[in-house]
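Structure first, commentary second.
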Amino acid sequence: MRVLVFLLLCVWLVNGEHLERDQVVFVPEDWIHAGRVAPQEEVELTFALKQQNVDRLQKLLQLVSDPDSQQYGKFLTLEEVASLVRPSQLTEKAVWSWLQGHGIQNCHTVQTQDFLQCTMTAQVAETLLPGTEFHRYKRGAQTVMRSSSQYSVHEDVSEHLDFVGGVLRFPLSGKEISKAWAGPRRSGKAFHLGVTPTTLRARYNLTAADIGNGANNSQAVVQFLEQYYHPADLAEFMSLFARGFKHLTEVERVVGKQGGGKAGLEASLDVEYIMSTGANISTWVFTNPGRHETQEPFLQWMLLLSNMSDVPWVHTISYGDDEDSLSTVYMNRINNEFMKAGLRGISMLFASGDSGAGCRHLTKENVFRPSFPASSPYVTTVGGTSFKNPFKITYEVTDYISGGGFSNVFTMPDYQVGAVKAFLKGAQKLPPESYFNCSGRAYPDMAALSDNYWVVTNLVPIPWVSGTSASTPVVGGILSLINDQRFLKGLPSLGFLNPRLYKLKGTGLFDVTEGCHLACLDDKVEGQGFCAASSWDPVTGWGTPNYPALLAALIAD
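Residue numbers for the sequence shown, in mature numbering (1 follows the signal peptide of the UniProt record, and there is no 0): -16 to -1, 1 to 541.
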């Protein structure tokens, strides 16, 4: 749980406007206040400049992602995306004049020119952004500088900016990722023999021949929160659990700072399972990207994508936050970044979270609590399942922690309207309508096993690790294998998968029809959210991969 310690400032300043009026200003409970930032200390802020042609960006993404479109698979280069969204000259001039008018010169941009990162003193930052007051906060060895109050910008530039990063949002803690993403959690089912690469390959019908062969293929996992993997752990894991098929034992590239100390269970899990499922495919690890710890790690990763011409085709991310804790303009802008990635042919996979439907406790009643980016219409969200029989490789049922539900911010995208309406109409039992927004973007889109994994971390084999942070890299590895086969046939990457996935209507996937996930513990829903059903459902999506059938469906262009 987070402790709300500051309230939003609701007073308009005389000549300023709040960009993120609905951003809750709070300090997570595990961050300790360490004093006011001295006036001459440096802070780094990220300015998200208004982009051009966002409507066109969205339409183009629909065209290149729809298999029935003549433009399907005709992706753009980063340079072409940059020319599309680059801020207007008026926007660039207004923002630069504003910054230089405060003596700010130390700035750098990205290739798409829609972000500016600037270093300045805390005193200048507080003058630039009226209402701010920067303080230092510590969590273990990590230090960040954040404002204890809402910020505003001069009215002359408010129409040229979406938000300013590095002011309000704190990096999520490992505890929160393992709650709302119960990241890896220990299930305690000691009687289970556990899930290994061999188990996954047997369940999802992967043979020893199903490995990567394309030289131009690549995949990536993204880590935040000072999560690191150890190369020795990866080698040991492959030695113990990845026998009988060809695979790599080393990561191709680490982008960011690969810190020392102990390996993180989350990072070990992600790297080991994307590389054993997407076997023999070049793998990158994005880890704590950014030049300064004071920045927002998730935002820093998005900036990197806007500044790198060549990046892996599949990215899997086990990261998220409650929708209601983030400002709408921030989430909308992050959606634009997802659209930019999809337009380049990149597949973005996010874990659906490990809190089921979630629960937000309001004054008079409870409501379900969707997560973001899981609720973004422009990513593929992965839920979780368990084996029906824990002693055998059998059919799957819902893992009760599998995140899912309906966004309270984003409307339901056209590609899923038919599937979701069919679920709502045919469901035998639904939670009360007051608990969820039935017209919102529904998630997850698909699922995979998320229960009782074996992981090697710090050279120790650890059993019973669970969470949708396990299922997501598994699906990512399978999509990478399919990309590999597409490349060998001269076809483009899968890119943003959802429009095609929903047109398949479950083809190539094992339908999961049993089990419900958790939600509010109250007398109306009694801890139960949504339940799995035939075809699509908001617990397991369309189901789990049947590799040869899914490959056949996704390689037919």
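Glycine residues also receive a C-beta, built at the ideal position from the N, C-alpha and C atoms. If you're wondering where the values come from, they're calculated on a predicted model, not measured in any experiment.
Residue i versus residue j - alpha carbon distance
{"i": "R187", "j": "A533", "result": "13 Å"}
{"i": "A199", "j": "D468", "result": "9 Å"}
{"i": "N319", "j": "Y362", "result": "7 Å"}
{"i": "F371", "j": "E13", "result": "36 Å"}
{"i": "D217", "j": "T191", "result": "25 Å"}
{"i": "V21", "j": "A106", "result": "7 Å"}
{"i": "L83", "j": "F99", "result": "13 Å"}
{"i": "D6", "j": "Q134", "result": "10 Å"}
{"i": "T127", "j": "V151", "result": "14 Å"}
{"i": "I466", "j": "P296", "result": "14 Å"}
{"i": "G240", "j": "M286", "result": "13 Å"}
{"i": "C515", "j": "G115", "result": "46 Å"}
{"i": "D308", "j": "W268", "result": "32 Å"}
{"i": "R170", "j": "G178", "result": "For R170, the predicted model reports a pLDDT of 46, less than 50, meaning its position is unreliable; a value from the coordinates is still stated below. Roughly 12 Å between the two C-alpha positions."}
{"i": "M332", "j": "Y213", "result": "21 Å"}
{"i": "S519", "j": "F334", "result": "21 Å"}
{"i": "L310", "j": "G228", "result": "46 Å"}
{"i": "T61", "j": "G326", "result": "11 Å"}
{"i": "E25", "j": "L502", "result": "46 Å"}
{"i": "G167", "j": "G85", "result": "Residue placement at G167 cannot be trusted, given a pLDDT of 44 that sits under 50; what the coordinates show is reported in the next sentence. When rounded, the distance between both Cα atoms is 45 Å."}
{"i": "H2", "j": "L475", "result": "46 Å"}
Closest by C-alpha distance to residue i, when choosing among the options
{"i": "E321", "options": "F494, Q36 and R20", "result": "Q36"}
{"i": "I330", "options": "V401, F480 and T300", "result": "F480"}
{"i": "S293", "options": "W438, T96 and I318", "result": "T96"}
{"i": "D383", "options": "G389, I195, G367 and V9", "result": "G367"}
{"i": "P428", "options": "D398, E349, A341 and D507", "result": "A341"}
{"i": "K122", "options": "A432, R353, H17 and A426", "result": "H17"}
{"i": "C102", "options": "V27, H144 and H119", "result": "V27"}
{"i": "K246", "options": "V440, I301, L33 and M259", "result": "V440"}
Run of the alpha helix (DSSP H) containing residue i, from where it starts to where it stops
{"i": "T183", "result": "P181 to R187"}
{"i": "G240", "result": "No alpha helix (DSSP H) holds G240; the beta strand (DSSP E) holding it covers R237 to G240."}
{"i": "G461", "result": "T452 to L472"}
{"i": "Q412", "result": "Segment: none, Q412 is in no alpha helix (DSSP H) and carries neither H nor E."}
{"i": "A219", "result": "P215 to F225"}
{"i": "V128", "result": "Element bounds for V128: not the alpha helix (DSSP H) but the beta strand (DSSP E), Q126 to S131."}
{"i": "T93", "result": "Per DSSP, T93 belongs to no alpha helix (DSSP H); it is in the beta strand (DSSP E), C91 to T93."}
{"i": "K122", "result": "Taken as a continuous stretch (DSSP letters only), K122 belongs to no alpha helix (DSSP H), being part of the beta strand (DSSP E) at F118 to R123."}
{"i": "W80", "result": "Q73 to Q84"}
Reduced DSSP category for residue i - H, G, I as helix; E, B as strand; rest coil
{"i": "L232", "result": "coil"}
{"i": "Q284", "result": "helix"}
{"i": "D398", "result": "helix"}
{"i": "F208", "result": "coil"}
{"i": "I385", "result": "coil"}
{"i": "S260", "result": "helix"}
{"i": "K58", "result": "coil"}
{"i": "E64", "result": "helix"}
{"i": "S171", "result": "Confidence in S171 is poor, its pLDDT being 45 and thus under 50, which makes the residue's placement too unreliable to answer from."}
{"i": "T524", "result": "coil"}
{"i": "H2", "result": "coil"}
{"i": "Y314", "result": "helix"}
{"i": "D306", "result": "strand"}
{"i": "E139", "result": "helix"}
{"i": "G326", "result": "helix"}
{"i": "D254", "result": "helix"}
{"i": "D146", "result": "strand"}
Supposed close pair residue i, residue j - CB separation, criterion 8 Å
{"i": "V298", "j": "S464", "result": "5 Å"}
{"i": "V94", "j": "N291", "result": "4 Å"}
{"i": "V141", "j": "V79", "result": "6 Å"}
Min CB distance residue i to chain B below 7 Å
{"i": "I258", "result": "Within the model displayed, chain B is absent; a lone protein chain is all it includes."}
Residue i: first and last residue of the uninterrupted beta strand (DSSP E) it sits in
{"i": "W268", "result": "T267 to T271"}
{"i": "T105", "result": "F99 to T105"}
{"i": "S331", "result": "S331 to A335"}
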